[in-house]
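For reference, the structure discussed in these notes is given below.
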Amino acid sequence: MSYSIAEAARRSGLSIDTLRYYERIKLVEPPARDAAGRRAYSDDDLGWLGFLTKLRLTGMPIKRMREYASLRHHGAASAGRRKAILVDQRKSVADRIAELQTCLDILDYKIDHYDQVERKVLGTGATVEGISA
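Just so we're aligned: the sequence shown equals residues 238 to 370 in our numbering.
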């Protein structure tokens with residue numbers, strides 16, 4: 238299947254400008270061109286864009302993403318380094334999740350506290366507006 242840049246942008250959730258930027262900085266290979274010279278993205282291209290989007294969502298810096306993208310072209314010979322990049326990023330994500338879990342625990346504690354305050358003040362489960370932190 239072949240997709241125009243607009244369709245690739247829609248399917249990937251990235252903007253057309255981002256797709257062109259990713260091509261310019263060599264995160265993606267220039268896609269094939271159709272008979273009129275327009276970019277024609279393949280399903281494989283969209284799969285790679287999806288993976289890049291996930292890497293970006295994990296907070297991976299563009300520089301590291303470029304390194305990973307470059308290593309792909311070396312095939313199995315670069316598997317160890319690519320794996321190391323992903324292992325490092327996974328640790329970073331796990332650390333962030335733990336940090337966010339602590340934040341979630343604090344929010345749950347405060348919400349429970351205000352539930353108790355509401356029950357005491359109103360004698361019901363209704364919400365009281367204006368209670369300060």
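Just so it is clear, CB atoms sit at the ideal spot from N, CA and C, and this is done for glycine as well.
Collapsed DSSP secondary structure at residue i in the structure displayed
i	result
residue 241	coil
residue 252	coil
residue 193	The question about residue 193 has no answer, for the chain in this structure spans 238 to 370.
residue 339	helix
residue 262	coil
residue 360	coil
residue 290	helix
residue 296	coil
Close beta carbons around residue i, own chain, < 7 Å, minus the five adjacent residues each side
i	result
residue 301	322
Residue i - partner residues in DSSP beta bridges
i	result
residue 278	240
residue 270	276
Close beta carbons around residue i, own chain, < 6 Å, minus the five adjacent residues each side
i	result
residue 295	326 and 330
residue 267	260
residue 238	280
residue 271	277
Beta carbon of residue i nearer than 8 Å to that of residue j
i	j	result
residue 242	residue 256	yes
residue 264	residue 289	yes
residue 258	residue 248	no
Spatial neighbours of residue i in its chain, beta-carbon cut-off 8 Å, leaving aside the 5 residues before and after
i	result
residue 319	305, 308 and 309
Original post:
Should the stretch 307–319 be regarded as contacting the stretch 275–284, the criterion being three or more beta carbon pairs within less than 8 Å?
Top reply: The stretch 307–319, when compared against the stretch 275–284, does not touch it at the 8 Å Cβ threshold.
Subject >> Contact between the stretch 347–354 and the stretch 327–337 (3+ Cβ pairs under 8 Å) >> reply: no
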